[in-house]
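Participant: This structure is in structure tokens; I'll ask about it shortly.
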Amino acid sequence: MKIHFHLTPLFPTMVSTTPNRLAHAQLLKEAKKFEETITAYKAILTDPAVDEDALKEKEQALTQLGQLYRDLHLSQELAELIRASRPFMLTIAKAKTSKLTRSLIDYFGDIPNCLPLQIEICKENIEWCIQEKRLFLKQALETRLVALYLDNRMYHESLTLISQLLKELKRLDDKMVLVDVQLLESRVCHALRNLPKARAALTSARTSANSIYCPPLLQAALDMQSGILHSEEKDYKTAYSYFFETFEGYSSQEDPKAILALKYMLLSKIMLNLTEDVHSIMGGKTALKYAGPDIDAMKAVAKAHKNRNLQEFETALATYTNELNNDPIIRTQLAALYDTLLEQNLVRIIEPFSCVEISHIADMVKLPTQQVENKLSQMILDKKFHGILDQGAGCLIVFEEQEEDKTYEMAVETLKQVDKVVSSLYQKAANLS
Numbered sequence: 423m424k425i426h427f428h429l430t431p432l433f434p435t436m437v438s439t440t441p442n443r444l445a446h447a448q449l450l451k452e453a454k455k456f457e458e459t460i461t462a463y464k465a466i467l468t469d470p471a472v473d474e475d476a477l478k479e480k481e482q483a484l485t486q487l488g489q490l491y492r493d494l495h496l497s498q499e500l501a502e503l504i505r506a507s508r509p510f511m512l513t514i515a516k517a518k519t520s521k522l523t524r525s526l527i528d529y530f531g532d533i534p535n536c537l538p539l540q541i542e543i544c545k546e547n548i549e550w551c552i553q554e555k556r557l558f559l560k561q562a563l564e565t566r567l568v569a570l571y572l573d574n575r576m577y578h579e580s581l582t583l584i585s586q587l588l589k590e591l592k593r594l595d596d597k598m599v600l601v602d603v604q605l606l607e608s609r610v611c612h613a614l615r616n617l618p619k620a621r622a623a624l625t626s627a628r629t630s631a632n633s634i635y636c637p638p639l640l641q642a643a644l645d646m647q648s649g650i651l652h653s654e655e656k657d658y659k660t661a662y663s664y665f666f667e668t669f670e671g672y673s674s675q676e677d678p679k680a681i682l683a684l685k686y687m688l689l690s691k692i693m694l695n696l697t698e699d700v701h702s703i704m705g706g707k708t709a710l711k712y713a714g715p716d717i718d719a720m721k722a723v724a725k726a727h728k729n730r731n732l733q734e735f736e737t738a739l740a741t742y743t744n745e746l747n748n749d750p751i752i753r754t755q756l757a758a759l760y761d762t763l764l765e766q767n768l769v770r771i772i773e774p775f776s777c778v779e780i781s782h783i784a785d786m787v788k789l790p791t792q793q794v795e796n797k798l799s800q801m802i803l804d805k806k807f808h809g810i811l812d813q814g815a816g817c818l819i820v821f822e823e824q825e826e827d828k829t830y831e832m833a834v835e836t837l838k839q840v841d842k843v844v845s846s847l848y849q850k851a852a853n854l855s
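Per our numbering: the sequence shown ends with 855, consecutive numbering throughout.
Okay, structure coming up:
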């Protein structure tokens, strides 16, 4: 016979009678009732409760409301949320404050045309950090502000803030943030076309990075900048190796910048005249998942370059304007490539002629006569071919390339050898006597 005992718990479980407010807000969001969702999140944030559970709930509500404003592109409302959240930030741990503040400011990045507002909010938060003596958050936000200045082409303000930050960071020996700032300095100097200073700043960043553990994304950013500077020096082979390392780093972390590194890899191959390699790179397992308009643009450029066809090149630039012209690195390199293609086309056209009308050449390449005339005069000065422009007749007179007469050089070389023989004989005669 079994005896059953009924045990009554000493402390009954406390079951909350209030519904889960976050889950309710999430359901409203999924139902696309955005006004009600915002009201629900604000109700959580204005709740006077300050216990641990309430603070955790408010933290999640703050993040989710910020994400909602980001998704709805409500930049002013996001700015007001950040301003209104500062009293709450004082009630939670400093590490959480730092993470939340940076995340909320980063949400502006997904909202178009709000860069000035993002800069303003960043400055306001830096002032708040100074008042509340939040030194590390201040430095993190100032580093973010430098990047925002760079995006907004406020280079003077960037360099002023970088100079101030470097002094503080070297005193505190905070190597991780120091690497970030030195990398930003390199990017600003490169944007100002001060390449020696950009290289020096990048070397400093790499030196600082060698003494600490460098996260994969930061290492990839350093490799990216190295590749860009090498491509500026026309050292495309070394640039390609850096871009390959960058692509590996970003793709391993599923970072969207991987596609930019892949575009730079393909550009390096095109500039090296290795257009066949473009298709072999794109056939790789890792690269296949990044197929899209960005990669199609690079394929079109590679095809035009392979065919040495100026019209194909211009068609590619017109078709893929956003993919090719919005990036200053690609734009600069493609301008040089266009120049090379134009020169190759002009040389090919004038090759059979000893005298040809400039208007005929312009018709062949489908460019304005004045532009063709300016390019031909530049090519003559650069000694790409021998000839003169007869502007009165509107003709180009091409001279046959004369073989260089090496008689003078050979005579000088012979005299040098005779001098050596005479000097040797004189030395031997002096020794015998």
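We put the CB at the ideal spot given by N, CA and C, even for glycine.
Everything numeric in this text was worked out from a predicted model, so none of it was measured.
Which same chain residues end up closer than 7 Å to Thr435 when comparing Cβ atoms and leaving out the 5 residues on each side of it in sequence?
Facilitator: What you label residue 435 is simply residue 13 of the sequence shown in a count that begins at 1. Residue confidence for Thr435 is low, a pLDDT of 37 falling below 50, so the modelled location carries little weight and cannot support an answer.
Participant: As a quick exercise: from Ser497, Leu526 and Glu452, pick the residue whose alpha carbon is nearest that of Gln482.
Facilitator: One-based indexing of the sequence shown puts residue 482 at position 60. Ranking the options by Cα distance to Gln482, first place goes to Leu526.
Participant: In three-state DSSP terms, what is Ile548?
Facilitator: Working through the sequence shown from its first residue, we reach residue 548 at position 126. The answer is helix: DSSP assigns Ile548 an H, G or I state.
Participant: Rounded to whole angstroms, what is the Cα-Cα separation between Gln792 and Ala815?
Facilitator: Here residue 792 corresponds to residue number 370 of the sequence shown, with the count starting at 1. Here residue 815 corresponds to residue number 393 of the sequence shown, with the count starting at 1. Computed Cα separation, rounded: 14 Å.
Participant: Should Leu614 and Leu600 be called a contact, given that it needs their Cβ atoms to be closer than 7 Å?
Facilitator: Taking the sequence shown and counting its residues from 1, the one referred to as residue 614 is at position 192. Taking the sequence shown and counting its residues from 1, the one referred to as residue 600 is at position 178. Cβ atoms of Leu614 and Leu600: not closer than 7 Å.
Participant: Pick helix, strand or coil for Gly649, following the three-state DSSP scheme.
Facilitator: The count along the sequence shown starts at 1 and reaches residue 649 at position 227. Correct three-state label for Gly649: helix.
Participant: What residue range is occupied by the uninterrupted alpha helix (DSSP H) comprising Gly809?
Facilitator: Taking the sequence shown and counting its residues from 1, the one referred to as residue 809 is at position 387. Run containing Gly809: none in the alpha helix (DSSP H); it sits in the beta strand (DSSP E), Gly809 to Asp812.
Participant: For the beta strand (DSSP E) that contains Leu818, what are its first and last residues?
Facilitator: In the sequence shown, the residue the question calls residue 818 occupies position 396. Cys817 to Val820 is the span of the beta strand (DSSP E), which, as asked, contains Leu818.
Participant: For the pair the region 737-754 and the region 773-787, tell me if three or more CB-CB distances fall below 8 Å.
Facilitator: Taking 8 Å as the limit for Cβ pairs, the verdict is that the region 773-787 does not touch the region 737-754.
Participant: Classify Tyr491: buried if its beta carbon has 16 or more other beta carbons within 10 angstroms, exposed otherwise.
Facilitator: As a position in the sequence shown, residue 491 is number 69, starting the count at 1. It is buried - the Cβ of Tyr491 has at least 16 other Cβ atoms within 10 Å.
Participant: Fully enclosed by the region 459-493, which beta strand (DSSP E) runs are 3 residues long or longer?
Facilitator: The region 459-493 contains no whole beta strand (DSSP E) run of 3 or more residues.
Participant: Use the C-beta contact count for His426: other C-beta atoms within 10 angstroms, 16 or more gives buried, fewer gives exposed.
Facilitator: Position 4 of the sequence shown holds residue 426. The predicted position of His426 is uncertain, since its pLDDT is 45 and thus under 50; no value can be drawn from it.
Participant: Let me know the secondary structure DSSP gives Glu676 once reduced to three states.
Facilitator: For the purposes of this step, residue 676 is identified with residue 254 of the sequence shown, where counting begins at 1. DSSP places Glu676 in coil when its eight states are reduced to three.
Participant: Does DSSP put Pro434 in a helix, in a strand, or in coil?
Facilitator: As a position in the sequence shown, residue 434 is number 12, starting the count at 1. For Pro434, the pLDDT reaches just 38, beneath the cut-off of 50, and the residue's location in the model is therefore unreliable, although a value from the coordinates is still provided. Three-state result, Pro434: coil.
Participant: So the candidates are Ala476, Ser580 and Gln647; which of them puts its Cα closest to the Cα of Ala683?
Facilitator: Residue mapping note: residue 683 aligns to position 261 of the sequence shown, counting from 1. Closest option to Ala683, Cα to Cα, is Gln647.
Participant: Is there contact here, the region 719-734 with the region 693-700, by at least three beta-carbon pairs under 8 Å?
Facilitator: A contact exists between the region 719-734 and the region 693-700.
Participant: On the criterion of 16 or more Cβ atoms from any shown chain inside 10 Å, does Gly649 qualify as buried, or is it exposed?
Facilitator: On the sequence shown, residue 649 is found 227 positions in, with the first residue counted as 1. Buried: at least 16 other Cβ atoms inside 10 Å.
Participant: Give me the Cα-Cα distance between Glu654 and Ala627, rounded to the nearest whole angstrom.
Facilitator: The sequence position of residue 654 within the sequence shown is 232, counting from 1. The sequence position of residue 627 within the sequence shown is 205, counting from 1. Between Glu654 and Ala627, the C-alpha separation is close to 19 Å.
Participant: What three-state label does DSSP hand Cys636 in the structure shown?
Facilitator: Here the question's residue 636 lines up with position 214 in the sequence shown. Correct three-state label for Cys636: coil.
Participant: Looking at the unbroken beta strand (DSSP E) that takes in Glu779, where does it start and where does it end?
Facilitator: Against the sequence shown, residue 779 aligns to sequence position 357. Residues Cys777 to Glu779.
Participant: I'd like the list of long-range same chain contacts for Leu581, defined as Cβ closer than 7 Å, with 5 residues on each side in sequence excluded.
Facilitator: On the sequence shown, position 159 is the one that residue 581 refers to. Around Leu581: Val610.
Participant: Taking buried to mean at least 16 other C-beta atoms within 10 Å of its own C-beta, is Ser633 buried or exposed?
Facilitator: If you number the sequence shown from 1, residue 633 lands on position 211. Under this definition Ser633 is an exposed residue.
Participant: Going by beta-carbon coordinates alone, are Glu554 and Leu587 separated by less than 7 Å?
Facilitator: Indexing the sequence shown from 1 puts residue 554 at position 132. Indexing the sequence shown from 1 puts residue 587 at position 165. It is not a contact, given that the beta carbons lie outside the stated cut-off.
Participant: Where do the ends of the alpha helix (DSSP H) carrying Ala709 lie?
Facilitator: In the sequence shown, the residue the question calls residue 709 occupies position 287. Segment Lys707 to Leu710, the alpha helix (DSSP H) holding Ala709.
Participant: In this structure, does DSSP put Pro441 in helix, strand or coil?
Facilitator: Position 19 of the sequence shown holds residue 441. Per-residue confidence for Pro441 stands at a pLDDT of 45, beneath the threshold of 50, marking its modelled position as unreliable; the derived number appears in the next sentence. DSSP places Pro441 in coil when its eight states are reduced to three.
Participant: With three or more C-beta pairs closer than 8 Å as the rule, is the region 486-505 touching the region 540-547?
Facilitator: Segments in contact, yes.
Participant: Cα separation between Leu559 and Leu651?
Facilitator: If you number the sequence shown from 1, residue 559 lands on position 137. If you number the sequence shown from 1, residue 651 lands on position 229. Looking at the two C-alpha atoms, the distance is approximately 31 Å.
Participant: Mapping the DSSP letters down to three states, classify Glu654 as helix, strand or coil.
Facilitator: What you label residue 654 is simply residue 232 of the sequence shown in a count that begins at 1. The answer is helix: DSSP assigns Glu654 an H, G or I state.
Participant: Could you pull the start and end residues of the alpha helix (DSSP H) that Ala571 belongs to?
Facilitator: As a working note, residue 571 is residue 149 in the sequence shown. This sequence places Tyr at residue 571; Ala is not what is there. Counting along the chain, the alpha helix (DSSP H) containing Tyr571 begins and ends at Leu557 to Asp573.
Participant: Confirm, please, whether the CB-CB distance from Phe669 to Ala680 is below 7 Å.
Facilitator: Taking the first residue of the sequence shown as position 1, residue 680 is located at position 258. Taking the first residue of the sequence shown as position 1, residue 669 is located at position 247. Yes.
Participant: Among Leu444, Arg505, Pro509 and Leu503, whose alpha-carbon lies nearest the alpha-carbon of Pro470?
Facilitator: Along the sequence shown, read from residue 1 onward, the residue named residue 470 stands at position 48. Of the candidates Leu444, Arg505, Pro509 and Leu503, the one whose C-alpha sits nearest the C-alpha of Pro470 is Pro509.
Participant: Taking the alpha-carbon positions, what's the Pro678 to Tyr672 distance?
Facilitator: Looking up residue 678 in the sequence shown gives position 256. Looking up residue 672 in the sequence shown gives position 250. Approximately 7 Å between the Cα atoms of the pair.
Participant: Is it right to say Leu837 is buried, meaning 16 or more other beta carbons lie within 10 angstroms of its own, or is it exposed?
Facilitator: Counting from 1 along the sequence shown, the entry for residue 837 is found at position 415. Flag for Leu837 reads exposed.
Participant: Please report the Cβ distance between Ala631 and Glu607, rounded to the nearest whole angstrom; I am assuming they are in contact, meaning their Cβ atoms lie under 8 Å.
Facilitator: Here residue 631 corresponds to residue number 209 of the sequence shown, with the count starting at 1. Here residue 607 corresponds to residue number 185 of the sequence shown, with the count starting at 1. Not confirmed; about 14 Å, so no contact.
Participant: Just the C-alpha distance for Gln755 and Asp827, rounded to the nearest angstrom, thanks.
Facilitator: The residue given as residue 755 occupies position 333 in the sequence shown. The residue given as residue 827 occupies position 405 in the sequence shown. For Gln755 and Asp827, the distance between alpha carbons rounds to 38 Å.
Participant: Starting from Met598, trace the alpha helix (DSSP H) both ways and give me its first and last residue.
Facilitator: Indexing the sequence shown from 1 puts residue 598 at position 176. Segment Lys597 to Ala613, the alpha helix (DSSP H) holding Met598.
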